[in-house]
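Number of protein chains: 2
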Amino acid sequence: MSGGRLAVVGLGPGDLRYLTPEAETALAAADALYGYGPYLDRVAPRAGQRRYPSDNREEVARAAAALGDAAQGASVAMVCGGDPGVFAMAAAICEQIEQGPASWRTLDVVFIPGITAMLAVAAKIGAPLGHDFCALSLSDNLKPWSLIERRLDAAASAGFVIALYNPVSRARPWQFGNAVERLRRHLPETTPVVFGRAVGRPDEHVSVTRLGEADATPADMATLVIVGTRQTRIIQRPGRSPFVYTPRAAAEVSA
Amino acid sequence: MSGGRLAVVGLGPGDLRYLTPEAETALAAADALYGYGPYLDRVAPRAGQRRYPSDNREEVARAAAALGDAAQGASVAMVCGGDPGVFAMAAAICEQIEQGPASWRTLDVVFIPGITAMLAVAAKIGAPLGHDFCALSLSDNLKPWSLIERRLDAAASAGFVIALYNPVSRARPWQFGNAVERLRRHLPETTPVVFGRAVGRPDEHVSVTRLGEADATPADMATLVIVGTRQTRIIQRPGRSPFVYTPRAAAEVSA
Numbered sequence: 344m345s346g347g348r349l350a351v352v353g354l355g356p357g358d359l360r361y362l363t364p365e366a367e368t369a370l371a372a373a374d375a376l377y378g379y380g381p382y383l384d385r386v387a388p389r390a391g392q393r394r395y396p397s398d399n400r401e402e403v404a405r406a407a408a409a410l411g412d413a414a415q416g417a418s419v420a421m422v423c424g425g426d427p428g429v430f431a432m433a434a435a436i437c438e439q440i441e442q443g444p445a446s447w448r449t450l451d452v453v454f455i456p457g458i459t460a461m462l463a464v465a466a467k468i469g470a471p472l473g474h475d476f477c478a479l480s481l482s483d484n485l486k487p488w489s490l491i492e493r494r495l496d497a498a499a500s501a502g503f504v505i506a507l508y509n510p511v512s513r514a515r516p517w518q519f520g521n522a523v524e525r526l527r528r529h530l531p532e533t534t535p536v537v538f539g540r541a542v543g544r545p546d547e548h549v550s551v552t553r554l555g556e557a558d559a560t561p562a563d564m565a566t567l568v569i570v571g572t573r574q575t576r577i578i579q580r581p582g583r584s585p586f587v588y589t590p591r592a593a594a595e596v597s598a
Numbered sequence: 344m345s346g347g348r349l350a351v352v353g354l355g356p357g358d359l360r361y362l363t364p365e366a367e368t369a370l371a372a373a374d375a376l377y378g379y380g381p382y383l384d385r386v387a388p389r390a391g392q393r394r395y396p397s398d399n400r401e402e403v404a405r406a407a408a409a410l411g412d413a414a415q416g417a418s419v420a421m422v423c424g425g426d427p428g429v430f431a432m433a434a435a436i437c438e439q440i441e442q443g444p445a446s447w448r449t450l451d452v453v454f455i456p457g458i459t460a461m462l463a464v465a466a467k468i469g470a471p472l473g474h475d476f477c478a479l480s481l482s483d484n485l486k487p488w489s490l491i492e493r494r495l496d497a498a499a500s501a502g503f504v505i506a507l508y509n510p511v512s513r514a515r516p517w518q519f520g521n522a523v524e525r526l527r528r529h530l531p532e533t534t535p536v537v538f539g540r541a542v543g544r545p546d547e548h549v550s551v552t553r554l555g556e557a558d559a560t561p562a563d564m565a566t567l568v569i570v571g572t573r574q575t576r577i578i579q580r581p582g583r584s585p586f587v588y589t590p591r592a593a594a595e596v597s598a
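Note that the protein sequences, when read in sequence, are chains W and B. Number 346 in our numbering belongs to position 3 of the first sequence; there are no gaps in the numbering. Number 529 in our numbering belongs to position 186 of the second sequence; there are no gaps in the numbering.
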């Protein structure tokens, strides 16, 4: 058994007000930090702690490098934004553990949860996830677009609130508009839609629109979109920003 | 505008290693704490801070009492396990804000996210939520069972990982077995199923089984169940507990 260790740590979104004590302890104990550069930048440097920032879309190489370092005996932390298990590094690490050298399967590997973007965005605007919901990545890098459409159809027609991760990137300019159009087949144009960008950062912006105009709202890779159901409601609040929530109760007709 | 304030605070699961700095600050600032008794018990008493524990299934009365207290000018915290927006108090608070006195709609109300059970359970076992997933409550107190079945059908046939909240209670003894049977119509008996109970507490227990035997595993209201997809895999680790993960990539046939 190796003496090394890998902790796959969720920072939560934006600044460190979302960082749990468990995550903080794991970061402090690490000899080496790996992660996407902008996430590593959120962690204060510490003397003697090695740092290996990498680019986006280098998940496989990053996972293998961190596991290799731990297999040499180091205490390693892989730093993720949000939660490591939600469209982040935990699955890539598991893939490498399964496919890599047998010694990686006896390593001490732990996953430390964090506040994922949909929870942070929902909290900023009320309770849009107040009923059954799903989380769906609109990136078709690792699955065909036809499967994403099938999942949009299934979720919207069955009455799930839908949290859309990775709605837009420079390489994927049309997918979000296509998804909104697809959802209009199932949901009224008045369905509330929440856009949350850069939550917890100085440029945080959360806004509400309706499905009929949702494709006109700018979105990027830092945006999380929540599409309501037929039950989702907007509460106007005099002198304050509105709340959006999905009631706890649903009747059969809701779906 | 009233001088009062209501913070709806997520503690995360189990002990306080999951409590974020933002949540800790809100709890410290409160004049009064409301919540389900066992959740309040996790927050250390502070001199001068009033406490109002209530029973389970008293969500409406608890929400109204906290809003009324804040409307009188108090700084109030509503304490929730996990995340307040996921099958917890945030939606009940919004319902009361919409239906209650107009003065409640001008109150300063904030929601503070927490680690919800599915993230904590997933982290204990690897990355079962590594692909698109949904969260579904099996409680049919506020929705008909036929709608739950429709959602199980939709989610399983479209290839979502399924996190089941509230699988069993004393008043709902048959629902979980029925749900497992329903899922077997869509998924192989070998599909991995994760049971996570009391994560973060001394009696924490996380185990893995297969869909064919899932209804034989004891579950209760403190249990969160994650049902995988056709792609979800179990990694055996010599001398260590196995990991369960859902790969990031999916082909059309997956659904």
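Cβ coordinates follow ideal geometry from the N, Cα and C atoms, glycine included.
* Short CB-CB distance (under 8 Å) between aspartate 426/W and chain B -> Position 83 of the first sequence, counted from the first residue, corresponds to residue 426/W. Taking Cβ atoms only, chain B reaches closer than 8 Å to aspartate 426/W, which makes this a yes.
* Mind checking who valine 419/B pairs with in its DSSP beta bridge? => Against the second sequence, residue 419/B aligns to sequence position 76. In the DSSP output, where bridge partners are listed per residue, valine 419/B has Leu349/B, Ala375/B.
* Asked: Any residues in the stretch 430-451 of chain B with a beta carbon nearer than 7 Å to a beta carbon of chain W? Which ones, in chain order?
  -> Ala433, Ala434, Ala435, Cys437, Glu438, Ile440, Glu441, Arg448, Thr449
* Asked: Are the C-beta of phenylalanine 586/B and some C-beta of chain W separated by less than 8 Å?
  -> By one-based count along the second sequence, residue 586/B stands at place 243. So, interface residue.
* To do: Determine whether the Cβ of alanine 565/B lies closer than 8 Å to any Cβ atom of chain W.
  => Counting from one through the second sequence, the residue named residue 565/B turns up at place 222. Not closer than 8 Å to any Cβ of chain W, the Cβ of alanine 565/B fails to qualify, so no.
* Which value, in whole angstroms, describes the spacing of the CA atoms of serine 597/W and proline 590/W? -> Stepping through the first sequence from its first residue, residue 597/W is reached at position 254. Stepping through the first sequence from its first residue, residue 590/W is reached at position 247. Here serine 597/W scores only 46 on pLDDT, less than 50, and its place in the model is too uncertain to base an answer on.
* To do: Could you tell me whether the Cβ atoms of alanine 420/W and phenylalanine 454/W are closer together than 8 Å?
  => Counting from one through the first sequence, the residue named residue 420/W turns up at place 77. Counting from one through the first sequence, the residue named residue 454/W turns up at place 111. Result no, Cβ atoms of alanine 420/W and phenylalanine 454/W do not sit closer than 8 Å.
* How would you label threonine 572/W, buried or exposed, when you count the other beta carbons within 10 angstroms and need 16 or more for buried? -> Against the first sequence, residue 572/W aligns to sequence position 229. Threonine 572/W should be labelled buried.
* chain W contact for leucine 362/B (CB, 8 Å cutoff) -> Indexing the second sequence from 1 puts residue 362/B at position 19. Yes, its Cβ sits closer than 8 Å to a Cβ of chain W.
* Whole alpha helix (DSSP H) elements within the stretch 428-464 of chain B, 4-residue minimum -> 432-442
* **Euclidean distance between Cα positions of aspartate 563/B and proline 581/W** => For the purposes of this step, residue 563/B is identified with residue 220 of the second sequence, where counting begins at 1. For the purposes of this step, residue 581/W is identified with residue 238 of the first sequence, where counting begins at 1. One C-alpha to the other measures close to 43 Å.
* **At least three beta-carbon pairs within less than 8 Å, the stretch 506-524 of chain W to the stretch 509-523 of chain B** => no
* Note down, in chain order, every chain W residue with its Cβ under 9 Å from the Cβ of serine 512/B. => Here residue 512/B refers to the residue found at position 169 when the second sequence is read from its first residue. Here the premise fails: no neighbours, minimum Cβ distance about 16 Å.
* To do: May I ask you to list, following chain order, the residues of the stretch 399-425 of chain B that have a beta carbon less than 9 Å from some beta carbon of chain W?
  => The residues in question are Glu402.
* Run through the stretch 458-521 of chain W for me and flag every whole beta strand (DSSP E) of 3 or more residues, listed as ranges in chain order. => 476-480, 504-508
* Asked: Could you give the residue range of the alpha helix (DSSP H) that holds proline 381/W?
  -> Reading the first sequence from its first residue, position 38 is the one you call residue 381/W. Proline 381/W -> alpha helix (DSSP H) spans 380-383.
* Asked: Could you give the distance in angstroms between the alpha-carbon of leucine 479/W and the alpha-carbon of glutamine 518/W?
  -> Residue 479/W sits at position 136 when you count from the first residue of the first sequence. Residue 518/W sits at position 175 when you count from the first residue of the first sequence. About 13 Å.
* Asked: Residues of chain W with CB under 9 Å from phenylalanine 519/B, in chain order?
  -> If you number the second sequence from 1, residue 519/B lands on position 176. Within chain W, no residue has its CB atom less than 9 Å from the CB of phenylalanine 519/B, the nearest being about 16 Å off.
* To do: Measuring alpha carbon to alpha carbon, tell me which of Ile569/W, Gly355/W, Asp374/W ends up nearest isoleucine 505/W.
  => Taking the first sequence and counting its residues from 1, the one referred to as residue 505/W is at position 162. Comparing C-alpha distances from isoleucine 505/W to each of Ile569/W, Gly355/W, Asp374/W shows the shortest one belongs to Ile569/W.
* Partners in chain W for alanine 387/B, counting only beta-carbon separations shorter than 8 Å -> As a working mapping, residue 387/B is identified with position 44 in the second sequence. Contact note: alanine 387/B does not reach chain W at a C-beta cutoff of 8 Å; the least C-beta distance is about 14 Å.
* Do serine 397/B and arginine 405/B have their C-beta atoms closer together than 8 Å? -> Taking the second sequence and counting its residues from 1, one reaches residue 397/B at position 54. Taking the second sequence and counting its residues from 1, one reaches residue 405/B at position 62. Their beta carbons are under 8 Å apart, which means serine 397/B touches arginine 405/B by this criterion.
* Quick one, which of Gly555/W, Thr566/W, Ala559/W has its alpha-carbon nearest valine 549/W's? -> Locating residue 549/W in the first sequence gives position 206, counting from the first residue. The shortest C-alpha separation from valine 549/W is found at Thr566/W.
* Out of Asp451/W, Val551/W, Leu472/W, which has the shortest C-alpha to C-alpha gap to glutamine 574/W? -> If you number the first sequence from 1, residue 574/W lands on position 231. Out of Asp451/W, Val551/W, Leu472/W, Leu472/W has the C-alpha closest to the C-alpha of glutamine 574/W.
* Which term fits proline 444/W, buried or exposed, when burial requires 16 or more other beta carbons within 10 angstroms of its beta carbon? -> Numbered from its first residue, the first sequence carries residue 444/W at position 101. The residue is exposed, with fewer than 16 neighbouring Cβ atoms inside 10 Å.
* Do we get a CB-CB distance below 8 Å when we pair alanine 598/B with the residues of chain W? -> Taking the second sequence and counting its residues from 1, one reaches residue 598/B at position 255. Since pLDDT at alanine 598/B reaches only 42, below the 50 mark, its modelled position is unreliable, and the value read off the structure follows with that caveat. Cβ-Cβ to chain W under 8 Å: yes for alanine 598/B.
* To do: Keeping to the same chain, check which residues put their C-beta closer than 7 Å to that of alanine 408/B; ignore five residues upstream and five downstream.
  => Counted from its first residue, the second sequence places residue 408/B at position 65. Tyr377, Tyr395, listed in sequence order.
* To do: Return the residue from the list His529/W, Ile491/W, Asp384/W, Ile458/W that minimises the CA-CA distance to glycine 502/B.
  => Residue numbering aside, residue 502/B sits at position 159 when the second sequence is read from its first letter. The shortest Cα separation from glycine 502/B among His529/W, Ile491/W, Asp384/W, Ile458/W belongs to Ile491/W.
* **Interfacial residues, the stretch 538-561 of chain B to chain W, with Cβ spacing under 8 Å** => none
* Determine the contact status of valine 551/W and proline 535/W, defining contact as a CB-CB distance below 8 Å. => In the first sequence, residue 551/W corresponds to position 208, counting from 1. In the first sequence, residue 535/W corresponds to position 192, counting from 1. The answer is yes: Cβ separation under 8 Å.
* To do: Give a yes or no on whether 8 Å exceeds the smallest Cβ distance from glutamate 492/B to chain W.
  => For this step, residue 492/B is matched to residue 149 along the second sequence. It does not: the Cβ of glutamate 492/B has no partner Cβ on chain W nearer than 8 Å.
* To do: Out of Gln415/W, Val351/W, Asp384/W, Asp358/W, state which residue places its alpha-carbon closest to the alpha-carbon of threonine 368/W.
  => Within the first sequence, numbered from 1, the residue matching residue 368/W stands at position 25. Comparing Cα-Cα distances from threonine 368/W to each of Gln415/W, Val351/W, Asp384/W, Asp358/W, the minimum goes to Val351/W.
* N-terminal and C-terminal residue of the alpha helix (DSSP H) that glycine 555/W is part of -> Residue mapping note: residue 555/W aligns to position 212 of the first sequence, counting from 1. The continuous stretches of alpha helix (DSSP H) do not include glycine 555/W, and DSSP gives it neither H nor E.
* Anticipated Cβ contact below 8 Å, valine 542/B with glycine 357/B, distance rounded -> Within the second sequence, the letter at position 199 stands for residue 542/B. Within the second sequence, the letter at position 14 stands for residue 357/B. The pair is a contact, with the Cβ atoms about 5 Å apart (cut-off 8 Å).
* When Ser446/W, Gln442/W, Arg393/W, Glu556/W are compared against glycine 347/W, the one with the closest alpha-carbon -> For the purposes of this step, residue 347/W is identified with residue 4 of the first sequence, where counting begins at 1. Taking only the C-alpha atoms, the option nearest glycine 347/W is Ser446/W.
* Where leucine 362/B falls: helix, strand or coil (DSSP) -> Numbered from its first residue, the second sequence carries residue 362/B at position 19. Note: leucine 362/B maps to coil in three-state DSSP.
* Assumed close pair alanine 372/B, leucine 354/B - CB separation to whole angstroms, cut-off 8 Å -> The residue given as residue 372/B occupies position 29 in the second sequence. The residue given as residue 354/B occupies position 11 in the second sequence. No, alanine 372/B and leucine 354/B are not in contact; Cβ-Cβ is about 15 Å, not under 8 Å.
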